[in-house]
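Data block below; observations after.
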Amino acid sequence: MVWPGNARLPGAAVGAGSAMTTNLLAYDLDRLTTFCEGLGEKRYRALQLFRWIHQKGVPDFDAMSDLARGVREKLAAVACVKPLAVLSQHISSDGTVKWLFDVGEGDAVESVFIPDDDRGTLCISSQAGCAMGCRFCATGHQGFSRNLTTGEVLAQLWFSEHFLRRHLSRKDRVISNVVMMGMGEPLQNYSELLPALRVMLDDHGYGLSRRRVTVSTAGVVPKIDALSQDCPVALAVSLHAPNDDLRDKLVPLNRKYPLAELLPACRRYLAHAPRDFITFEYCMLAGVNDQPEQAHELVKLMQRYANGTTWCKFNLIPFNPFAQSGLQRSRPEQVHGFARILSEAGIVTTIRRTRGDDIDAACGQLAGDVRDRTRVGERIARQRTLILRPSSTSDLSVKET
Ligand code: SF4
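Just so we're aligned, residue 15 is where the sequence shown starts under the working numbering, counting upward by one.
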């Protein structure tokens, strides 16, 4: 396998379309059909077009050989397939690849491809920055600029899939799993997320099963319910604490949707979910949320909502420290001890293998490049610093810096 190497790649985007034309990357099949009908074309034209764009990765209408010349000309006059410009590409020693995509006006977002023996996972961003302000997350500290459009969400998958196919000389699909765990809170960008998910699942698009597309949320309760009705893909929830007191501090959204609302929403989601469990993510922070008594508290919390069934799985994530966080990674023995307590209580628990940390591509490290229009980042930096007293959760306090 020959990679082009770590590099700044200005202008690597192919055939950026005019601002005046419609970017067809932003359309799911229904919308594309409506668009084609508006041009006087039948549904099967939309299908052909959709396959050229997403299955074959062709952005140029002239190269779509089974479309009549008249159709191609009509399309070229009003539409384009506009990829994102790639600002940089970094490749980790473990094969993880990180791209920085330009989304305009000074904002850039990151996507990460994580290869494994039996699968290839792409982690995609849904927003330029994030307004949620989670304490342990580099994106959260950076602040928020704007929601990505459907086209910008899909352009990350479109580029990565077809770039990897070319460089790995593969004809079949390279990306087998998509996780919406990059920059941003996907459920705060629901209307743009939904069509993007539909294209990922569409057999004429990327053909991924609902089990292999995961939306990760900090816990936007009304949208968890909406997703269960509209497009129930796999759900992951950033939990990170066994009680509201601590979660209020680590995941500020908890003040709006506390555990007593979030966990019943997760249970409701299960009735529609493609898997028979919800994944809870738990970032292991030394002396903050990694104590044995907190693991026992977590077990009790999960049992309260279990209704006698196995309904959740835990993914313990080693924290990737960054300068402004003031937090430390838990020691491995602490993480293993925590995992043991959950496992012994019958909760399936995995410890996430850190991937791509030599290129800052590991979980919680994605930071792109965004203008903080909301000043969230500034506020977090100014506001408070967690003072860590490992002896007990109740000792965790905050103080003005
Ligand atoms: S963990 Fe997710 S929701 Fe929280 S700040 Fe980071 S990107 Fe936003």
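Beta carbons: idealized from backbone N, C-alpha and C, even for Gly.
### Task
Provide the residue span of the beta strand (DSSP E) that contains P73, from first to last.
The sequence position of residue 73 within the sequence shown is 59, counting from 1. It is not in any beta strand (DSSP E) - P73 carries neither H nor E in the DSSP assignment.
### Message
Between the alpha carbons of M34 and E87, how many angstroms are there, rounded?
### Response
In the sequence shown, residue 34 corresponds to position 20, counting from 1. In the sequence shown, residue 87 corresponds to position 73, counting from 1. Straight-line Cα distance between these residues: approximately 16 Å.
### Chain-ordered residues, beta carbon under 5 Å from a heavy atom of ligand 1
Those residues placing their Cβ nearer than 5 Å to any heavy atom of ligand 1 are, following chain order, C144, M146, C148, C151, T153, G154, E199, A232.
### Message
Quick check on the burial criterion: 16 or more other C-beta atoms within 10 angstroms. Buried or exposed for T415?
### Response
One-based indexing of the sequence shown puts residue 415 at position 401. Interpretation of T415 is limited by its pLDDT of 25, a score under 50 that renders its predicted location unreliable; no figure is taken from the coordinates.
### Task
Determine the contact status of L249 and V229, defining contact as a CB-CB distance below 8 Å.
What you label residue 249 is simply residue 235 of the sequence shown in a count that begins at 1. What you label residue 229 is simply residue 215 of the sequence shown in a count that begins at 1. Contact: yes.
### Task
Below 8 Å on the Cβ atoms is my guess for V235 versus E275; work out the distance and round it to an integer in Å.
On the sequence shown, residue 235 is found 221 positions in, with the first residue counted as 1. On the sequence shown, residue 275 is found 261 positions in, with the first residue counted as 1. V235 to E275, Cβ: 5 Å. Contact.
### Message
Is the beta carbon of L162 closer than 8 Å to that of A93?
### Response
Residue numbering aside, residue 93 sits at position 79 when the sequence shown is read from its first letter. Residue numbering aside, residue 162 sits at position 148 when the sequence shown is read from its first letter. Not in contact: A93 and L162 (Cβ atoms no closer than 8 Å).
### Task
Taking only the alpha-carbon atoms, compute the straight-line gap between G19 and G134 and give it to the nearest angstrom.
As a position in the sequence shown, residue 19 is number 5, starting the count at 1. As a position in the sequence shown, residue 134 is number 120, starting the count at 1. Interpretation of G19 is limited by its pLDDT of 41, a score under 50 that renders its predicted location unreliable; the figure taken from the coordinates is listed afterwards. The alpha-carbon atoms of G19 and G134 are separated by roughly 19 Å.
### Query
What is the residue span of the beta strand (DSSP E) that P332 lies within?
Looking up residue 332 in the sequence shown gives position 318. Looking at the DSSP string, the run of the beta strand (DSSP E) that includes P332 is 326 to 332.
#### Entry: Among C137, G233, T363, R45, nearest to T324 - alpha-carbon criterion
Locating residue 324 in the sequence shown gives position 310, where the first residue counts as 1. Here the closest residue by C-alpha is T363.
### Query
Alpha carbon to alpha carbon, how far is G120 from M195?
Start at 1 with the first residue of the sequence shown, and residue 120 comes out as number 106. Start at 1 with the first residue of the sequence shown, and residue 195 comes out as number 181. Answer to the nearest angstrom: the Cα atoms are 22 Å apart.
### Query
Could you give the uninterrupted runs of the alpha helix (DSSP H) lying entirely in the segment 44 to 111, keeping only those of 4 residues or more?
Complete alpha helix (DSSP H) runs here, min 4: 57 to 64, 83 to 92.
### Task
Can you tell me which of E166, A309, H218, S159 puts its alpha carbon nearest to the alpha carbon of L356?
Counting from 1 along the sequence shown, the entry for residue 356 is found at position 342. The option with the nearest alpha carbon to L356 is A309.
### Query
Taking C-beta to C-beta, are V265 and C144 nearer than 8 Å?
The residue you call residue 265 lines up with position 251 of the sequence shown. The residue you call residue 144 lines up with position 130 of the sequence shown. When the beta-carbon positions are compared, V265 and C144 stay at least 8 Å from each other.
### Query
So E206 is in the beta strand (DSSP E); what residue range does that whole segment cover?
What you label residue 206 is simply residue 192 of the sequence shown in a count that begins at 1. It is not in any beta strand (DSSP E) - E206 instead sits in the alpha helix (DSSP H) that spans 204 to 215.
### Message
Taking the alpha-carbon of V193 as reference, which of S79, L211, K70 has the nearest alpha-carbon?
### Response
As a position in the sequence shown, residue 193 is number 179, starting the count at 1. The residue with the shortest Cα to Cα distance from V193 is L211.
### Message
Tell me the residue span of the beta strand (DSSP E) that contains S125.
### Response
Numbered from its first residue, the sequence shown carries residue 125 at position 111. Run containing S125: 121 to 129, per the beta strand (DSSP E) assignment.
### Straight-line gap, M298 to F115 (C-alpha atoms, nearest Å)
If you number the sequence shown from 1, residue 298 lands on position 284. If you number the sequence shown from 1, residue 115 lands on position 101. So the two alpha carbons sit approximately 29 Å from each other.
### Query
Could you give the residue range of the alpha helix (DSSP H) that holds V349?
Start at 1 with the first residue of the sequence shown, and residue 349 comes out as number 335. Element bounds for V349: 346 to 358.
### Query
Looking at the structure shown, is S406 part of a helix, part of a strand, or coil, going by DSSP?
Taking the first residue of the sequence shown as position 1, residue 406 is located at position 392. Because S406 sits at a pLDDT of 35, beneath the cut-off of 50, its placement in the model cannot be relied upon, and the point is left open.
### Query
Buried or exposed: where does R354 fall if 16 or more other Cβ atoms within 10 Å of its Cβ makes it buried?
Along the sequence shown, one-based indexing puts residue 354 at 340. By the neighbour-count rule (16 or more Cβ atoms within 10 Å), R354 is not buried but exposed.
### Message
Let me make sure I understand the geometry here. Which of R345, S242, L201 has the alpha-carbon closest to that of R282?
### Response
Counted from its first residue, the sequence shown places residue 282 at position 268. Taking only the C-alpha atoms, the option nearest R282 is S242.
### Query
D44 CB to nearest chain C CB: under 8 Å?
Here chain C cannot be found, since the structure has a single protein chain.
### Message
Can you give me the C-alpha to C-alpha distance between L267 and G54, rounded to a whole angstrom?
### Response
Here residue 267 refers to the residue found at position 253 when the sequence shown is read from its first residue. Here residue 54 refers to the residue found at position 40 when the sequence shown is read from its first residue. Taking the straight line from one Cα to the other gives about 47 Å.
### Candidates F127, T48, V95, of which the one nearest I105 by Cα
Taking the first residue of the sequence shown as 1, we reach residue 105 at position 91. Nearest of F127, T48, V95 to I105, Cα basis: F127.
### Query
I think E155 touches S339, with their Cβ atoms under 8 Å apart; what is that distance to the nearest whole Å?
In the sequence shown, residue 155 corresponds to position 141, counting from 1. In the sequence shown, residue 339 corresponds to position 325, counting from 1. Reading the sequence as shown, one finds His at residue 155 and not Glu. A Cβ-Cβ distance of about 7 Å is found for the pair H155 and S339, placing them in contact under the 8 Å criterion.
### Task
Return the CA-CA distance between S174 and R57, expressed in angstroms with no decimal places.
The residue given as residue 174 occupies position 160 in the sequence shown. The residue given as residue 57 occupies position 43 in the sequence shown. Going by C-alpha positions, S174 is about 28 Å away from R57.
#### Entry: Buried/exposed call for K70, threshold 16 Cβ in 10 Å
Looking up residue 70 in the sequence shown gives position 56. When all chains shown are included, K70 counts as exposed.
### Query
So the alpha helix (DSSP H) M316 belongs to, where does it begin and stop?
Sequence index remark: in the sequence shown, residue 316 carries index 302 (1-based). Where M316 is concerned, the enclosing alpha helix (DSSP H) stretches over 306 to 318.
### Query
So what does DSSP say about L299, is it helix, strand or coil?
The residue you call residue 299 lines up with position 285 of the sequence shown. Looking at L299 - three-state DSSP - the assignment turns out to be strand.
### Message
Measuring straight from C-alpha to C-alpha, what distance separates D12 and A240?
### Response
No answer is possible for residue 12: it lies beyond the span of the chain, which begins at 15 and ends at 415.
### Opposing strand residues paired with M194 [DSSP bridges]
Along the sequence shown, one-based indexing puts residue 194 at 180. The secondary-structure analysis by DSSP pairs M194 across a beta bridge with V229.
### Message
Quick check: what's the CA-CA separation for Q317 versus I189?
### Response
Taking the first residue of the sequence shown as position 1, residue 317 is located at position 303. Taking the first residue of the sequence shown as position 1, residue 189 is located at position 175. Those two C-alpha atoms are separated by around 35 Å.
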